[in-house]
Amino acid sequence: MSLKNEPRVNTSALQKIAADMSNLIENLDTRELHFEGEEVDYDVSPTCIPFSAIYKTQGFKEPNIQTYLSGCPIKAQVLEVERFTSTTRMTSSSNINLYTIELTHGEFKWQVKRKFKHFQEFHRELLKYKAFIRIPIPTRRHTFRRQNVKEEPREMPSLPRSSENMIREEQFFGRRKQLEDYLTKLLKMPMYRNYHATTEFLDISQLSFIHDLGPKGIEGMIMKRSGGHRIPGLNCCGQGRACYRWSKRWLIVKDSFLLYMKPDSGAIAFVLLVDKEFKIKVGKKETETKYGLRIDNLSRTLILKCNSYRHARWWGGAIEEFIQKHGTDFLKDHRFGSYAAVQENTLAKWYVNAKGYFEDVASAMEEAEEEIFITDWWLSPEIFLKRPVVEGNRWRLDCILKRKAQQGVRIFVMLYKEVELALGINSEYSKRTLMRLHPNIKVMRHPDHVSSSVYLWAHHEKLVVIDQSVAFVGGIDLAYGRWDDNEHRLTDVGSVKRVTVGSSLGSFTAETTGSMESLSLKDKNEPSKNPPTLKSVDDMDSKLKGIGKSRKFSTFSLYRQLHRQHVHKADSVSSLDSASNTSSVRSLQTGMGELHGETRFWHGKDYCNFVFKDWVQLDKPFADFIDRYSTPRMPWHDIASAVHGKAARDVARHFIQRWNFTKIMKSKYRSLSYPFLLPKSQTTAHELKYQVPGSVSASVQLLRSAADWSAGIKYHEESIHTAYVHVIENSKHYIYIENQFFISCADDKVVFNKIGDAIAQRILKAHRYRVYVVIPLLPGFEGDISTGGGNALQAIMHFNYRTMCRGENSILGQLNAKLGNQWINYISFCGLRTHAELEGNLVTELIYVHSKLLIADDNTVIIGSANINDRSMLGKRDSEMAVIVQDTETVPSVMDGEEYQAGRFAQGLRLQCFRVVLGYLSDPSENIQDPVSDKFFKEVWVATAARNATIYDKVFRCLPNDEVHNLIQLRDFITKPILAREDPIRAEEELKKIRGFLVQFPFYFLSEESLLPSVGTKEAIVPTEVWT
């Protein structure tokens, strides 16, 4: 009968059929009935259940649920019989036998304990099912079930007839064998094997045999009590039983977490992670419930109710035993107070600047098969991850995510929900843009400032996790302004033309029309009005052929650039602009050959200078908001890392904890469309389907700043702060720090983190020791520094200077008191600056140091999102993530003139940082191997910084500047002539002496002014903690 034409059945007819069925079942003889079923063919190789099945769970009674590994038998063996005496009110004492059954299914092995009465109840349930399936009830669901049950004559195994009390001890072996045979035969019949009563009898579910969830754990039906969350507002308002709800749930215990599911829908309703506070208690006193079981962790107290006290004790013991055996690492308090264990033999990789980082993130996303996790302080959907753009939109972030979502990959994104009056990052636009790409992309924003009362703190982590096997951790958001390479260019005024570097530089190729797809802006999200340089594909194509060039483009001499590189011939002469030779730029070295002339790396909002002007109109991504022909961009210097295996699992675990917490915290995310996430097991972490190229093996541990508001945990964690202090105190030779902020030196009133004090104390204990600190010359806040900068900018400057050199609590204040001027032999504070030619004018700009990096002794590295300030370090404030990498593979090196075994990871990163900032990338002539020697510290590092700073001051009269101690001097300073404008030729000659980007940090800038916000300004109303 067609289901569509199925006639409606009235209620009385159904009731009559049900009554007939009941009579039929009551008259069945369980010993004589023969069942029909097909024996399973196990010749085919077993097929794994994909991890993605966790997102497709169904109600337990639904037909055709995939519970078992296909093509794989279930073997049952009754191991032992426990005999005990049971007395109830209704009967006299009787002997009860408890059978321990061991089951094996592929790689999974588990045990269940059942009494004979459970076998009898199970058998009766199967008889009901058989009778029920034969009755042609005319409902769609029943018809579907009947059509999907394959019936072939096969005898149903029968249970032993004799009562438990009748058999003697010597007959136990025979009884065990009978029950074993019963289960073995039954489990070969799909009709019964797939029935929900069978799976419940065997303690299995849709999540039992997923390889990446680890060993088969304890499972079963329980009653759970509502409430118990550690998060304010999520529990009952009153006390006592009237406030609680009891619900029937299927509990699953895995090696590092437990969860419960709703049997009717199959939905995962809660996930509880195993952590150092994980404890199990049994009894009415502990649970306020008869036959209660209490499970605690950092996030919740979960109360369960069992059938009996014996049952509760069995559950408690079984869970504890299983977790102790398989998840003991998660129960420990780890080094530095971290939630994560130290993971040995972990593949790790570092990145200096976002070019290589973005490329590896894009390549890893392309390899994703199951999940992508992303959390950022800010995310810009339209950024290009591989540049220059030579494959159209292929490597644009939103296009990558949409492509992967269409392939079935689940993508979960968590964004910081900003206070809109204070920040213009428009996370609502980012969420809306990503969510409408595909249903497989889910985006959450947190916190809700009103409901959570969190106004001051931010989610500051920058994480990308691929299939919980590869994780990227560092300081780089997938956002505008972040992409940069080792050139740190100031200008970007063109389209794409590329010269391939090789033995002959004569091959000049214009990119194809298809490569400019990304600039056509035909997408519905794009603005209708675009800048002159961003027109249709046809317009782009004409420009590539040298037709219809704008006057702005013509001022840039492509011919001159080619001539400088000795390119005398070109395949497409018409594309060369030889009309003018009035402009020049630094050589544009990229990983894709050398680009000349009108190269565009930063499109629209990506071309930025946020001290000059903060971002606006982010919903128009390809519209410029500053004039790239008159204002240089602000280069971005940053550090990130990639880790694999167990360490990547730890990163994923943090993301999962935050996601699940946010899901229960915000009512809009409690729907099934936002699923609970499950951590993969550490037992399968070594099975890497993808590795980031260029990784080295090392010892890795994840660190974080997390608290109740950010992760829903009972006690805050500040393992990044603890690790920083520990590494500094225990360093023997040097430390190298790059950071966006430098706010420390605790007075326990305003500033509380101990990093600055640890540096000062370590120097005072030193004989030969060096400290390198690289920070931005100005904080990253909008403000005109020529008038003193904005209030926010000045407030950060105040606390930076207070840490470095102003006041007796500062590092130099502490050192001066003991060492006098000798501190100069131990510590150096520097910033980064560069210069270029823009539209015929010499320009300079500071390079914004956004890194969060510590390297010690060429063997230990901390990379993350945590700034050196209280916001990042104290744990209770901003949420942060970092990784500490300690080398296990060494290379021969030199330290303070002596032979030294340096770590491959740490030394490689330190040398790359030195080469970039000192300008030795293409010139290996200077030996930068030994970071402690006088020759390097004084003659290379300090001398280069001082020389560069002097030249920049002479040519551009840069700010901040040591000559300017107050605002009166500042006004006078900016009126004096600038060499770059007065005599550009001489200025250019001076700039040729610049080496790298390193400049001395000006200690005395505005030293006579109070930089704290003035009374009456809106910044003065803000609590001091916002700045520290």
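Residue numbers 1 to 1028, in UniProt numbering, belong to the letters of the sequence shown in order.
Beta carbons are placed, not taken as given, at the ideal position from N, Cα and C, and that holds for glycine.
Remark: C-beta atoms of residue 642 and residue 866 do not approach each other more closely than 8 Å. Closest by C-alpha distance to residue 309, out of 845, 190, 745, 289, is 289. Secondary-structure assignment with DSSP links residue 113 through a beta bridge to 100. Per DSSP, residue 66 is not a residue of any beta strand (DSSP E), being assigned neither H nor E. When beta bridges are read from the DSSP output, residue 249 appears opposite 222. With fewer than 16 other beta carbons inside 10 angstroms of its own, residue 408 counts as exposed. Between the segment 785-805 and the segment 857-865 there are fewer than three inter-stretch CB-CB distances shorter than 8 Å, so the stretches are not counted as touching. In this structure, residue 762 places its C-beta atom within 8 Å of the C-beta atom of residue 769. Contact between residue 607 and residue 477 does not hold, since their C-beta atoms are separated by about 17 Å, which reaches or exceeds 8 Å. By the criterion of a C-beta distance shorter than 8 Å, residue 474 is surrounded in its chain by 351, 357, 462, 638, 639, 640, 641, 852, 863, 864, 865, once the five residues flanking it on both sides are discounted.
In the structure shown, residue 126 adopts helical secondary structure according to DSSP, grouped into three states. Residue 705 and residue 879 have their C-alpha atoms roughly 5 Å apart. For residue 959, there is no enclosing alpha helix (DSSP H), as DSSP gives it neither H nor E. The residue among 756, 976, 738, 735 with its C-alpha nearest the C-alpha of residue 745 is 756. Between the alpha carbons of residue 280 and residue 225 lies a gap of roughly 15 Å.
Taking every protein chain shown into account, the CB of residue 715 has fewer than 16 other CB atoms within 10 angstroms, so this residue is exposed.
The shortest C-alpha to C-alpha distance from residue 203 to any of 300, 736, 181, 102 is the one to 102.
Under the three-state reduction of DSSP, residue 864 is assigned to strand. Residue 709 and residue 649 have their C-alpha atoms roughly 23 Å apart.
With contacts defined as CB atoms closer than 8 Å, residue 333 and residue 297 fail to qualify as a contacting pair.
In the DSSP assignment, residue 701 is bridged to 884.
Where residue 294 is concerned, the enclosing beta strand (DSSP E) starts and stops at 292-296. Here residue 180 carries a helix assignment [DSSP, helix/strand/coil]. Judged by DSSP in its simplified three-state form, residue 419 adopts coil rather than helix or strand. For residue 270, the uninterrupted beta strand (DSSP E) run begins and ends at 268-273, by DSSP. In the structure shown, residue 456 falls within a coil segment according to DSSP collapsed to helix, strand and coil.
Remark: C-beta atoms of residue 218 and residue 374 do not approach each other more closely than 8 Å. Counting C-beta atoms within 10 angstroms of its own C-beta, residue 328 has fewer than 16 neighbours from the protein chains shown and is therefore classed as exposed. Residue 359 is positioned such that its CB atom lies no closer than 8 Å to that of residue 611. Rounded to whole angstroms, residue 273 and residue 789 show a C-alpha spacing of 47 Å. Segment contact: the segment 645-662 against the segment 670-677, three or more CB-CB distances shorter than 8 Å; contact assigned. Residue pairing by DSSP puts residue 848 in a beta bridge opposite 636. When 216, 812, 633, 627 are compared, the shortest CA-CA separation from residue 326 is found for 216. For residue 900, the pairing in a beta bridge is given by DSSP as 893. The segment 402-418 makes no contact with the segment 619-629; the number of CB pairs closer than 8 Å stays below 3. Each residue's CA atom was taken as its position, placing residue 856 and residue 845 some 30 Å apart.
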